[in-house]
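**Student:**
Residue numbers (my numbering): -2 to 1042.
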């Protein structure tokens, strides 16, 4: 078999061929060659086929990787220029960080209970910290994050060049003021975000807990808890650190535990990666475009110097041209985008349709409009973690939520009859049991079958009723016995499994109530108020291997000993007596998304139970193979049990989960569910939530533990088409170890993927795999501390404030209160943020390109002189008060109404293709800028009469009017603030003309000649574009315009 072949796989990072038999003794090598002839071994030897045609290479996959993945390594200078410098810098930084953060060697520790001061070692503070910076690293960190962008680094160099007299073009403030403003806005924004994180952490760290000391109980903050402290954790209170519980109180729901690990040594923190600074895809795309603009800037400057004839100090002229045309790369781009991001965040938080939504990272709202993969947790995210009893099937009759009152009537009648019989003849209970056991089997009535089924469900569990003690508030009677009044008002149920709580709550709703339980007995209350006592003889807890739990009880009134058992249908089908309905009904319930449990019983005589107890105790005392012997004794009871019923419980989904998942699927988003739950539960929820549609097949990936098994199972999965994948964390680990590329490629073709039994680090690893292999944008959503790593690793992390606390919500980029809000967050706000930023970014670039084109035309006409066309305040005013407000008003534009975006989620697919901001759209804006800049400058030179100052006045006024008209051309849906911005900017320019004596001839601009010349140039520059826009809308309308019409 495949497992017997000695496989020696080559690590991915090496390219040397491995000798297959190197590690085998010489005598065995010849034998091993023929051992490969086994059929499954041959399959294992074949390369993993990614399509019917297979890979190009036909060599063993154990020896070589597919050619597509083997890249040629660059050497020397080529490697350094193409990114090697980044690798070297990153390596040096990592080395320094590792030096500063040397991990402490983990070793056994001695903990002094209640005496933390006796601990020899110093342990970390028990503080939650989600902050990115501290007081020393804030300014260097923010500056690094800003100047790693080419745009900002370029402007820093340009601004510094103005200190050199020979290179000085204009006033210092024209360069340093915009740069300082950009950095100030960024630092304020980061400081606000960081302060909010600090406040959130402080709130969590200030939560009070009760600590037991020799002086009694004292209140202590969460951050002040130390290793060795004895902490009382109240019901529904967050567990502040890693603890070992020493005592529990069933009555009040409190526990006392000793603290073992605190702060960054706790399991949840060690499973969480350090938060990274996230950069949106749009920012990276704009960064690429600014590099292209820089190349254009350098090329234009070289052309100018060349046409000048390299006269004089040509290199100085080259630098001056570089500075003159520096407006090709507008520094206002970052200001506008950052302010736009802040505006989008404000709009999201003020949206009444998604109340409680918080934007915690204000730098990536556009990412919400570019997502391709959504990775979601299950419990608390898709589900409420609240189980609801939905179905009871007795074989011949089935009861649903609308017929539960019939069951209640049967229970009331059966217990009232029993009560009357017992009161009529109090001594007949024991003889009747003996007669019943020896009587021939007769077909039971529906009423008696319901009675037996409900009683079994009420007894077979590990649930404890807890009664709230009002006196416990004072802190004096937490551990005192609560009066046995069994009142329904202050009773709650506690159990490790919410399924069991749902079953016990259901029996209460139909009349049979669990009112008390301790280690040796439990008490049920009948509809008539009678208390029935059952002694607990044995309990067999549920395990993931057995998939069932059992209990043996003795009825106090009759002395009957009964063995009850419930479990999964796969485990119970061989235990119960033959029947012809169980398998079919289990399948029906599973298709409805219900979690099924089979309930059975077996009556035991006193002799049978005593014999079992002796054998069971003997097995528990065994030294060797104790677990196997105990299991064998229990299995001796698990034969020919009487099948009582089949129950169906639904894990209640969050509100509107099904339509939200349907919307996301229609939007082209692939959804992966990553959960720590077992496979059966995860599959159930995948069906009930419609993550997997009813028509889709589900391929359950068999458990694999070796490379050969993984190879065979992947080949089997490859042959499936259009089916959802369900895989466990262990199998996933094996597949990723040997076949990472192949597995991800296959999984990405699935309409849905469910990974169960996932650890927090595995969840984060899956996110990174998708980012690395697909290059697409990922979003992770969860509600618990175990989701934090996944949320922080994703391009966009969303946290839900749920029952598992606020840890995920605090660490996320966006926090929502319900899963259904993600639909509007992506379809409406994601769309608007991306579309608006794309339009805003390109328009700001157009604003810089058009004035640079005018400068180029001006210099070429005047013998390639390196002198500025506009100086001082004209340049500052052009980028600020004259055009800033209309341009920024593009953040209010929308192409589709929110209702339409939600009704037609298919529109979202276009966003993921990145068509709103691409080299194609950028090139269109470049051509528009060149055309308009050329028209404005040549028109002014053509129409001016006597003085050069008239050229400046005509061209600059026409430029301002052109920009205002171009904003109007770009807008798709008008907002009243846009109109205000247009007229306000025009008013500011007209009003400032009176103060611009230094630049304009005020007498000339008051003449009709000035007005008609400016109007003529503006019309020629803008009218053709309006005509083109009209023709395009008429003959080639975008997809969204068809809906709006």
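Where is the CB? At the ideal position from N, CA and C, for every residue including glycine.
Based on the DSSP output, what are the partners of residue 669 in its beta bridges?
**Tutor:** Bridge partners of residue 669: 372, 750.
**Student:** By DSSP, does residue 720 sit in helix, in strand, or in coil?
**Tutor:** strand
**Student:** Looking at the structure shown, is residue 616 part of a helix, part of a strand, or coil, going by DSSP?
**Tutor:** helix
**Student:** Please determine, among 954, 980, 952, 543, the residue with the shortest C-alpha to C-alpha distance to residue 965.
**Tutor:** Here the closest residue by C-alpha is 980.
**Student:** Give me the Cα-Cα distance between residue 287 and residue 316, rounded to the nearest whole angstrom.
**Tutor:** 19 Å
**Student:** Among 686, 642, 696, 193, which has the Cα closest to the Cα of residue 381?
**Tutor:** 686
**Student:** For residue 686, is the beta carbon positioned less than 7 Å from some heavy atom of the ligand SAH?
**Tutor:** Inclusion of the ligand SAH in the displayed structure is not the case, the ligand content being empty and no account of it being possible.
**Student:** Count the other CB atoms within 10 Å of the CB of residue 136; is the residue buried (16 or more) or exposed (fewer)?
**Tutor:** By the C-beta density criterion, residue 136 is exposed, having fewer than 16 other C-beta atoms within 10 angstroms.
**Student:** Which word fits residue 629, buried or exposed, when buried means at least 16 other C-beta atoms lie within 10 angstroms of its C-beta?
**Tutor:** exposed
**Student:** Look up residue 776 in the DSSP assignment and say whether it is helix, strand or coil.
**Tutor:** strand
**Student:** Which residues bound the alpha helix (DSSP H) around residue 462?
**Tutor:** Looking at the DSSP string, residue 462 is not in any alpha helix (DSSP H); the run it does join, the beta strand (DSSP E), is 461 to 464.
**Student:** What does a CB cutoff of less than 8 Å around residue 354 pick up in its chain, not counting 5 residues either side in sequence?
**Tutor:** Only 345, 346, 348, 811, 812, 813, 814, 818, 822 meet the Cβ criterion.
**Student:** Based on Cα-Cα distance, which residue from 189, 238, 871 lies nearest to residue 266?
**Tutor:** 238
**Student:** Any contact of the region 290 to 305 with the region 827 to 840, i.e. 3+ C-beta pairs under 8 Å?
**Tutor:** Counting Cβ pairs under 8 Å, fewer than three are found: no touch.
**Student:** Report the rounded CA-to-CA distance for residue 182 versus residue 978, giving the unit in angstroms.
**Tutor:** Rounded to whole angstroms, residue 182 to residue 978 spans 21 Å at the Cα level.
**Student:** Are the Cβ atoms of residue 793 and residue 281 separated by less than 8 Å?
**Tutor:** no
**Student:** Count the other C-beta atoms from every protein chain shown that fall within 10 angstroms of the C-beta of residue 1003, then say buried if there are 16 or more, exposed otherwise.
**Tutor:** exposed
**Student:** Is residue 642 near residue 450, with beta carbons less than 8 Å apart?
**Tutor:** yes
**Student:** Starting from residue 246, follow the beta strand (DSSP E) in both directions and report where the run begins and ends.
**Tutor:** 239 to 246
**Student:** Looking only at its own chain, which residues have a Cβ that is under 6 Å from the Cβ of residue 803, when we skip the five neighbours before and after it?
**Tutor:** none
**Student:** DSSP state of residue 551, grouped into three classes?
**Tutor:** strand
**Student:** Excluding the five sequence neighbours on either side, which residues of its own chain have a C-beta within less than 6 Å of the C-beta of residue 576, listed in chain order?
**Tutor:** 640
**Student:** Could you say if the region 381 to 391 and the region 298 to 308 meet the contact criterion of at least three C-beta pairs nearer than 8 Å?
**Tutor:** no
**Student:** Let me know the secondary structure DSSP gives residue 843 once reduced to three states.
**Tutor:** Residue state, collapsed to three classes: helix.
**Student:** Here's the rule: buried if 16 or more other CB atoms are within 10 angstroms of the residue's CB, otherwise exposed. What is residue 853?
**Tutor:** buried
**Student:** Can you give me the start and stop residues for the alpha helix (DSSP H) that residue 597 sits inside?
**Tutor:** First-last for residue 597: 592 to 601, but that is the beta strand (DSSP E), not the alpha helix (DSSP H).
**Student:** With burial defined as no fewer than 16 other Cβ atoms inside 10 Å of the residue's Cβ, what is the status of residue 920: buried or exposed?
**Tutor:** exposed
**Student:** Output the distance between the C-alpha atoms of residue 568 and residue 513, rounded to the nearest integer angstrom.
**Tutor:** 30 Å
**Student:** Is the beta carbon of residue 696 sitting closer than 8 Å to the one on residue 365?
**Tutor:** no
**Student:** Just curious, the beta strand (DSSP E) that residue 382 is in, first and last residue?
**Tutor:** 380 to 390
**Student:** Would residue 325 and residue 176 qualify as a contact pair, given that the criterion is a beta-carbon distance under 8 Å?
**Tutor:** no
**Student:** Excluding sequence positions up to five away, which residues of its chain have a Cβ less than 6 Å from the Cβ of residue 209?
**Tutor:** 227
**Student:** Do you know how far the Cα of residue 401 is from the Cα of residue 566?
**Tutor:** Between residue 566 and residue 401, the C-alpha separation is close to 23 Å.
**Student:** Quick test of your reading: residue 390 and residue 582, contact by CB under 8 Å. State the CB separation rounded to the nearest angstrom.
**Tutor:** 5 Å
**Student:** Pick helix, strand or coil for residue 699, following the three-state DSSP scheme.
**Tutor:** coil
**Student:** In chain order, what residues of the same chain have a beta carbon less than 7 Å from the beta carbon of residue 688, not counting five sequence neighbours either side?
**Tutor:** 658, 668, 670, 749
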